[in-house]
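Novice: Let me give you the structure first, and then I'll get to my questions.
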Amino acid sequence: MKIAAAFTPVLDLIFPPRCPLCGASLAAQNGLCPDCWSSLAIPGDPSCASCARPFPRDIPDGSVCAPCLAEPPRHDGIAAATLYNDASRKLVLALKHGNRLALADMLGAFMAARVPQVGEEWLVVPVPLHRWRIWHRGYNQAAELARVIARLRGARLEVDMLERRKATPSLGGLGGKARQRVLSGAIGVSPRRRARIKGARIVLVDDVLTSGATSQACVSALKRAGAKEVLIACFARVLDEALDIV
Numbered sequence: 003m004k005i006a007a008a009f010t011p012v013l014d015l016i017f018p019p020r021c022p023l024c025g026a027s028l029a030a031q032n033g034l035c036p037d038c039w040s041s042l043a044i045p046g047d048p049s050c051a052s053c054a055r056p057f058p059r060d061i062p063d064g065s066v067c068a069p070c071l072a073e074p075p076r077h078d079g080i081a082a083a084t085l086y087n088d089a090s091r092k093l094v095l096a097l098k099h100g101n102r103l104a105l106a107d108m109l110g111a112f113m114a115a116r117v118p119q120v121g122e123e124w125l126v127v128p129v130p131l132h133r134w135r136i137w138h139r140g141y142n143q144a145a146e147l148a149r150v151i152a153r154l155r156g157a158r159l160e161v162d163m164l165e166r167r168k169a170t171p172s173l174g175g176l177g178g179k180a181r182q183r184v185l186s187g188a189i190g191v192s193p194r195r196r197a198r199i200k201g202a203r204i205v206l207v208d209d210v211l212t213s214g215a216t217s218q219a220c221v222s223a224l225k226r227a228g229a230k231e232v233l234i235a236c237f238a239r240v241l242d243e244a245l246d247i248v
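The end of the sequence shown is residue 248 by this note's numbering, with every number in the run present.
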């Protein structure tokens, strides 16, 4: 870290710090300008006691949202750094498809701040990509975010604890039930890592949480293997109905 700090002035001279969203000048790398920072939708309280879905201010603490009442989730909570809007979408796409891996440090730091309870006894596990998609893209963006969270929280990173056993098509445009059918049997625990799961507390990391079908497939695999607790951490959570609340 000291070596990196020593080269910061040189880096700033060659590549002046700029906001990754609008290009405005910044005082330091890995940040957003005030206007773009304020454009992010940061979820807060009150929220669902089960999944942290934001509630209107008149809902009492400890309440549970209708989806969780109708179908109690297997996870042990969701920690979202932001809600999915135009600003968070641009950041995610830049990381995921724009090869801007440097953004993982900033996005991962936002996520780490939302899981203060995580410490050295926790395992940090990214949602897996199928090997063909990794070879095509060159990296798994969830794994890059997981590295940052593990480093900042002093937790143990387990990049290959979960594996995508079959290639699946894009889930975009599919309903919840259709997503579950596509993911059936697609995600499992690596036999080489199964012994580490029993009784473990795990942070499951992804960039975007949409319907929750992928994360639920991961949670189910981890719980079947003996995980004690699985907390989902994402950078952006798709909850359009909550954007007017935060």
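Beta carbons are placed, not taken as given, at the ideal position from N, Cα and C, and that holds for glycine. Remember, predicted model here, so these are calculated numbers, not experimental data.
Given a threshold of 16 other Cβ atoms within 10 Å of its Cβ, counted over all protein chains shown, does R194 qualify as buried or as exposed?
Specialist: On the sequence shown, position 192 is the one that residue 194 refers to. Under this definition R194 is an exposed residue.
Novice: Around the Cβ of V126, are there at least 16 other Cβ atoms within 10 angstroms (buried) or fewer (exposed)?
Specialist: Position 124 of the sequence shown holds residue 126. Buried, because 16 or more other Cβ atoms sit within 10 Å of the Cβ of V126.
Novice: When the distance is taken between beta carbons, is V221 closer than 8 Å to V207?
Specialist: Here residue 207 refers to the residue found at position 205 when the sequence shown is read from its first residue. Here residue 221 refers to the residue found at position 219 when the sequence shown is read from its first residue. For the 8 Å CB-CB criterion, V207 and V221 do not form a contact.
Novice: Can you name the start and end residues of the beta strand (DSSP E) that G190 belongs to?
Specialist: As a working note, residue 190 is residue 188 in the sequence shown. G190 -> beta strand (DSSP E) spans 189-191.
Novice: With DSSP as the reference, please indicate the residues paired to T84 in a beta bridge.
Specialist: Counted from its first residue, the sequence shown places residue 84 at position 82. Looking at the DSSP assignment, T84 forms a beta bridge with A238.
Novice: Which stretch, first to last residue, makes up the beta strand (DSSP E) that contains R203?
Specialist: Here residue 203 corresponds to residue number 201 of the sequence shown, with the count starting at 1. Counting along the chain, the beta strand (DSSP E) containing R203 begins and ends at 203-211.
Novice: Helix or strand or just coil, what does DSSP make of S27?
Specialist: If you number the sequence shown from 1, residue 27 lands on position 25. DSSP places S27 in strand when its eight states are reduced to three.
Novice: Where does N101 land, buried or exposed, given buried means 16+ other C-beta within 10 angstroms?
Specialist: Residue mapping note: residue 101 aligns to position 99 of the sequence shown, counting from 1. Classification for N101: exposed.
Novice: From what residue to what residue does the alpha helix (DSSP H) around V221 run?
Specialist: Taking the first residue of the sequence shown as 1, we reach residue 221 at position 219. That run of the alpha helix (DSSP H) goes 215-226.
Novice: Note the first and the last residue of the continuous alpha helix (DSSP H) segment covering E146.
Specialist: By 1-based counting over the sequence shown, the position of residue 146 is 144. First-last of the alpha helix (DSSP H) with E146: 143-155.
Novice: Can you name, in chain order, every residue of its own chain whose Cβ lies under 6 Å from the Cβ of K225, other than the five neighbours on each side?
Specialist: Within the sequence shown, residue 225 is the residue found at index 223, counting from 1. Counting only Cβ-Cβ distances below 6 Å, and skipping sequence neighbours, we find R76.
Novice: Determine the direct distance from the alpha carbon of P56 to that of E243, and round the result to whole angstroms.
Specialist: Residue 243 sits at position 241 when you count from the first residue of the sequence shown. Residue 56 sits at position 54 when you count from the first residue of the sequence shown. Computed Cα separation, rounded: 9 Å.
Novice: Write down the C-beta distance between I189 and P130 rounded to the nearest angstrom, noting that I regard them as a contact closer than 8 Å.
Specialist: Here the question's residue 189 lines up with position 187 in the sequence shown. Here the question's residue 130 lines up with position 128 in the sequence shown. At roughly 7 Å, the Cβ-Cβ gap stays under 8 Å, so I189 and P130 are in contact.
Novice: Going straight from the alpha carbon of W134 to that of L105, what length do you get?
Specialist: Mapped onto the sequence shown, residue 134 falls at position 132. Mapped onto the sequence shown, residue 105 falls at position 103. If you take the alpha carbons of W134 and L105, they lie about 23 Å apart.
Novice: In the DSSP output, which residue or residues are listed as bridge partners for L159?
Specialist: By 1-based counting over the sequence shown, the position of residue 159 is 157. L159 is bridged to V126.
Novice: Quick check on DSSP: helix, strand or coil for E243?
Specialist: Walking along the sequence shown from the start, residue 243 turns up at place 241. Note: E243 maps to helix in three-state DSSP.
Novice: Since A157 contacts H132 with CB under 8 Å, what's their CB separation in whole angstroms?
Specialist: Against the sequence shown, residue 157 aligns to sequence position 155. Against the sequence shown, residue 132 aligns to sequence position 130. Incorrect: roughly 25 Å between the Cβ atoms, too far for contact.
Novice: So what does DSSP say about V232, is it helix, strand or coil?
Specialist: In the sequence shown, counting from the first residue as 1, residue 232 sits at position 230. In the structure shown, V232 adopts extended strand secondary structure according to DSSP, grouped into three states.
Novice: Put A111 into one of helix, strand or coil per three-state DSSP.
Specialist: Stepping through the sequence shown from its first residue, residue 111 is reached at position 109. Looking at A111 - three-state DSSP - the assignment turns out to be helix.
Novice: Find the nearest neighbour of R153 within the set A96, A111, A144, judged by alpha-carbon distance.
Specialist: Locating residue 153 in the sequence shown gives position 151, where the first residue counts as 1. Ranking the options by Cα distance to R153, first place goes to A111.
Novice: Quick one: what's got a C-beta closer than 8 Å to S192's C-beta in the same chain, skipping five residues either side?
Specialist: On the sequence shown, position 190 is the one that residue 192 refers to. Contacts found: D162, M163, L164, E165.
Novice: What would DSSP say about L95, mapped onto helix, strand or coil?
Specialist: Indexing the sequence shown from 1 puts residue 95 at position 93. Of the three classes helix, strand and coil, the one that applies to L95 here is helix, per DSSP.
Novice: For A68, which of helix, strand or coil comes out of DSSP?
Specialist: Counted from its first residue, the sequence shown places residue 68 at position 66. A68 falls in the helix class under three-state DSSP.
Novice: Whose CA, out of L103, D246, Y141, L159, lies closest to the CA of G121?
Specialist: On the sequence shown, residue 121 is found 119 positions in, with the first residue counted as 1. Considering only alpha carbons, the answer is L159.
Novice: Cutting at 6 Å between CB atoms, please list the residues of its own chain near A83, excluding the five before and the five after it.
Specialist: Counted from its first residue, the sequence shown places residue 83 at position 81. Cβ neighbours of A83 beyond the five flanking positions: F112, M113, R116, F237.
Novice: CA-CA distance, V210 and Q143?
Specialist: Locating residue 210 in the sequence shown gives position 208, counting from the first residue. Locating residue 143 in the sequence shown gives position 141, counting from the first residue. Rounded to whole angstroms, V210 to Q143 spans 10 Å at the Cα level.
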